[in-house]
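Colleague:
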Amino acid sequence: MNLNRIFNKYRTFPHGIHPLGHKELTAGKAIRRVAFAPEMVIPLSQHRGAPAVATVVPGQEVVRGEPIAEPGGFVSVPMHSPVTGSVKSIDALVPSAAGPKVRAIVIHTYEASTQEVLYDCPRDLESMTSEQLVQAVQDAGMVGLGGAAFPSHVKMLPPKGKKIDTLLVNGCECEPYLTCDHRIMLERADSLIRGIEMALRATGAGRAIIGVEDNKLDAVVHIRSRLPSGGRISVEAVETKYPQGAEKMLILALLKQEVPSGGIPADIGVAVYNVGTLAQLGDLVPESRGLIERVVTLSGPGIERPGNYLVPIGTPLRFLLGQARSRSDANEIIIGGPMMGMSVASLDVPVTKGVSGVVVLEPKDPDQRPRPIYPCIKCSDCLDACPVNLNPSMLGQLAQVREYGTMEQAYHLNDCFECGCCSYVCPSNIPLTQYFRIAKAINREAAVAAAH
Amino acid sequence: MALTSKPIEIRTSPHIRKAISVAQIMRNVVYALLPICAWSVYKFGLSALLLLLTTTVACALSESLFCWLSGRNNTVRDFSVIITGLLLGLTLPPGFPLWMAAVAGFMAIGLGKALFGGLGYNVMNPALVGRAFVQAAFPVAITTWTPAFVPGRFSEAIPSTLTTPFMTPPDATVWIQALAIDGFTGATPLALQKFEHISASTIDLLTGVLAGSAGESSALLVFLCGLYLALRGMMDWRIPAAVFTGTILTSLPFYLVSPEIYPSPQFMILSGGLMLGAMFMASDMVGSPLTPRGIWLYGFSIGFLTVMIRLFGGLTEGVMYAILIGNVLTPLIDSVTQPRVYGARRQEERP
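These protein sequence lines are chains U and Z, in that order. When you line the first sequence up against the numbering used here, it's residues 123 to 574, in that order. When you line the second sequence up against the numbering used here, it's residues 3 to 353, in that order.
#1: DSSP puts U:THR231 in a beta bridge; with which residues?
#2: Can you tell me the Cβ-Cβ gap for U:PHE558 and U:GLU540, rounded? I've got them flagged as a contact below 8 Å.
#3: Output needed for Z:LEU130: all residues of its chain with C-beta closer than 7 Å, excluding positions within five of it in sequence on either side, in chain order.
#4: Is there at least one Cβ from chain U nearer than 8 Å to Z:GLU65's Cβ?
#5: Does any CB atom of chain U fall closer than 8 Å to the CB of Z:SER23?
#6: For the beta strand (DSSP E) holding U:ASN292, just list the boundary residues, first then last.
#7: Would you decide whether U:ASN337 is buried or exposed? Buried here means 16 or more other CB atoms lie within 10 Å of its CB.
#8: In the DSSP output, what is U:ASN430 paired with across the bridge?
#9: Give every residue of the same chain whose Cβ lies closer than 6 Å to the Cβ of U:ARG447, excluding the five residues on either side of it in the sequence, and list them in chain order.
#10: Under the DSSP definition of a beta bridge, which residues are partnered with Z:ASN127?
#11: Taking Z:ARG234 as the reference, give the member of Z:ARG19, Z:GLN26, Z:ILE10 and Z:PRO9 with the closest Cα.
#12: Does DSSP classify U:SER356 as helix, strand or coil?
#13: For chain Z, find out if any of its Cβ atoms is closer than 8 Å to the Cβ of U:THR474; answer yes or no.
#14: From the DSSP output, in three-state form, read off U:VAL239 for me.
#15: Contact between the region 433-452 of chain U and the region 466-486 of chain U: three or more CB pairs below 8 Å?
#16: To the nearest angstrom, how far is it from the Cα of U:GLU253 to the Cα of U:ILE390?
#17: Go through the region 287-343 of chain U residue by residue and report every complete run of the alpha helix (DSSP H) that reaches 4 residues or more, in order.
#18: Run down chain Z in chain order and give the residues with a C-beta less than 7 Å from the C-beta of U:ILE456.
#19: Could you give the DSSP three-state label for Z:MET102: helix, strand or coil?
#20: Short of 6 Å in beta carbon distance, which residues of its chain neighbour Z:ARG312, apart from the five on each side in sequence? Order them along the chain.
#21: Between U:ASN513 and the ligand GDP, is there a pair consisting of the residue's CB and a ligand heavy atom that are separated by less than 7 Å?
#22: Measuring alpha carbon to alpha carbon, tell me which residue in U:GLN490, U:LEU374 and U:VAL433 is nearest U:CYS302.
#23: Excluding sequence positions up to five away, which residues of its chain have a Cβ less than 8 Å from the Cβ of U:LYS223?
#24: Tell me, please, whether the CB atom of Z:GLN340 is closer than 8 Å to any CB atom in chain U?
#25: Opposite U:GLU454 in the DSSP bridges: which residues?
#26: Near Z:GLU350, what residues of its chain come up, given a Cβ to Cβ distance below 6 Å and the 5 sequence neighbours on each side ignored?
#27: Helix, strand or coil: how does DSSP classify U:LEU215 here?
#28: Would you mind sorting U:HIS137 into buried or exposed? The rule is 16 or more other CB atoms within 10 Å of its CB.
#29: Is there a Cβ of chain U sitting closer than 8 Å to that of Z:GLY358, yes or no?
#30: Mind checking which residues open and close the alpha helix (DSSP H) that includes U:ILE560?
#31: My assumption, with CB atoms under 8 Å, is that U:ILE306 sits in contact with U:VAL392. Please give the rounded CB distance.
#32: Considering just the uninterrupted stretch of the alpha helix (DSSP H) at Z:TYR257, what are its terminal residues?
#33: Quick check on Z:SER345 - is its C-beta less than 8 Å from some C-beta in chain U?
#34: Which full runs of the beta strand (DSSP E) of 3+ residues lie inside the region 460-541 of chain U, going along the chain?
#35: Between which two residues does the alpha helix (DSSP H) carrying Z:TYR44 extend?
#36: Express the C-alpha separation of Z:LEU207 and Z:SER266 in angstroms, rounding to a whole number.
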């Protein structure tokens, strides 16, 4: 607990941390398009749920925006071709950010093509029923663009017996370095509002609240000036604090409600969407287009031309970093933000639908210095940082003696969403978040083994 | 393409860390203790300086010894052992024989810290373990108080300081009488209060011109040094706050009933080692609870126990045992005050 932070006028959740934002590197940079890579790699499993199933064959010519894979189930989305070109392979094994290799469609880009999206068909949203809207969202291949990559249409259909009454629109962007959502709110406010109205109709919710951190008040003012009359949509500033953009934290900050432990927001009648997702929906669904590009923040001390880029899905990192000129001594490349993102093992990893940023760090960066690990000194900083009120110190000590079962049963391990606050504040540099990830994986394996 | 020429590294998230380390926290605690040490040296002269040096060096050497015995890297550089040494020196009487101080330092680290596994694993505050040991081993030496601001204190040590190892120190009364200081009884403010019901004035307690151990002096200075740590976020302000609240709430009823016999709450807080204990020992991270409710409960208990020992115990000062008991209670307090997890059903909603 810090004496200096007792007063703040904006709503928030208890605990959390205040890392340096580094947003000034890119916040003023308008979204720019990058060139098309000569070869696009589209993994079939770049969202939560079942992998998509390829519908093209090697050698087939595809135009930009054409569907190339169909959903593999209800919790799955189709893929669309990000370029006009020819299919080189439909089951190439490519590295992924998470580590294991995944199946992907590889498309060779036609250099002479204008890359105009010809594959679309305007439609009248007013005449569509909510079921048709949900189907349209799935057909667009939309997933949560904030990083979770959960299929958007699934959240529009709450489980039986549940009703969604409030739509929360997440414009917090609490991860350091990332500014893509900020730019989207400034540059594509009308698309965002169109997307929100569509989501309100599809879910049947009565109101929508856009939550924006108070370091982006220009976005708050701008969106407010574009809001339609009727008052169903409002914009609220919330305190700049990590992890304000976590679904559960935003719900607590704006609605003063908690999602039940082990439950989902729909249990309390809430659905949370990222601003980038809804802005894309507002652009794509009226034209029946598919998701083929997204805004990615390229930033960090290891990038010479940081900025917000409109990147075709499937662009390999190697090509993208070449465009943004990564420095030659860069040593860590993070997909996503530095708090929850993953460092990649290969530059052949492509940009997928859930990639909101690429942060490149250098060895001279203070965060890259070696940090000796001390024993836990029970300073309780991690308890004061944990947004879900866990006891990371105790969990860490239990992890060291491999009491994984106790961690889950007595200390609520499964409520941890791996935001990284505990590791961030730990003066002993104990990799608490990593301990918890491992403990969860071991518990999952044990549960699977016990079921057999 | 200016792509990376180095092999890229894989790390686990979070990829950024707060710029703070254990060594940094410990170093700042040492900085916060230095003004108190300086005041103590100014007040008691050469003896206090030698005492602080002896305890610190004894602690550091013991730590090195135990690290070597257990085949681990030497942990002296994390500064926590320096804190133990300084705190121990500050709690001992200024004329305490140096060889006994060295024993105290050895026991503090050996019995209080190394035995449990070193930094982070000790149950009790090592400095207080060392002091408790010598309190039992050398009951006379540890209750022999010498006057402050003796002329010539910077050139000559108090006779008992330089006692030959394993020998009983010379009787201090002879030396004190030779100094011919009027009105010095060798009693600390707490002892005067307890046995003769004479309370020292608040101003004297705040500035610390009275007899007592180095750390029992100047509540104001100790408070300011603690405040520095709290403002830098390196000490949990809730612990001293809870100790003070506990002390006031426990001593106030007695004072209200019979102000002639029982001391006032402000005397309770400003006298003895309470300020140093609350600011630097009870708030020692390792021995204090983790949970928010636990921290308050722990502080209240220490305040309560201190007052109880002072009023009804055989000893004049109860802070040391109160904190040691608080330390021992910590795991229990932690286990019954686990925080309510986000989204967990409240007690009354459970089926």
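Just so it is clear, CB atoms sit at the ideal spot from N, CA and C, and this is done for glycine as well. Only a predicted model underlies this, so the values are computations on that prediction, with no experimental measurement involved.
Modeller: This is what the structure holds:
#1: U:GLY207.
#2: 7 Å
#3: Annotation for Z:LEU130: MET283, MET322, ILE325 and LEU326 place their beta carbon closer than 7 Å to its own, counting only its chain and skipping 5 residues before and after.
#4: Closer than 8 Å: no.
#5: Yes, because at least one Cβ of chain U sits closer than 8 Å to the Cβ of Z:SER23.
#6: 288-293
#7: Its Cβ being crowded by 16 or more others within 10 Å, U:ASN337 is buried.
#8: U:THR419
#9: GLU426 and ARG427
#10: In the DSSP output, where bridge partners are listed per residue, Z:ASN127 has none listed.
#11: Z:GLN26
#12: U:SER356 falls in the strand class under three-state DSSP.
#13: no
#14: coil
#15: Touching, per the Cβ criterion.
#16: Approximately 22 Å, taken between the alpha carbons.
#17: 302-309 and 311-325
#18: HIS17
#19: helix
#20: By the criterion of a C-beta distance shorter than 6 Å, Z:ARG312 is surrounded in its chain by GLY320, once the five residues flanking it on both sides are discounted.
#21: Ligands are entirely absent from the displayed structure, and the ligand GDP is therefore not among its contents.
#22: For U:CYS302, the nearest C-alpha among the options comes from U:VAL433.
#23: LEU215, VAL216 and PRO217
#24: So yes, Z:GLN340 belongs to the interface.
#25: U:LEU483
#26: Low local confidence applies: a pLDDT of 45 at Z:GLU350 is under 50, so the model's placement there is unreliable, with the coordinate-based value given in what follows. Excluding sequence neighbours, Z:GLU350 sits near nothing in its chain.
#27: strand
#28: buried
#29: A query on residue 358 of chain Z cannot be resolved here, the shown segment of chain Z reaching from 3 to 353 and no further.
#30: 554-573
#31: Going by Cβ atoms, the distance from U:ILE306 to U:VAL392 rounds to 22 Å, so no, they are not a contact pair.
#32: 240-259
#33: Sequence inspection shows Gly at residue 345 of chain Z; the Ser mentioned does not correspond to that position. At least one chain U Cβ lies under 8 Å of Z:GLY345.
#34: 479-483
#35: 24-46
#36: Z:LEU207 has its alpha-carbon roughly 13 Å from the corresponding atom of Z:SER266.
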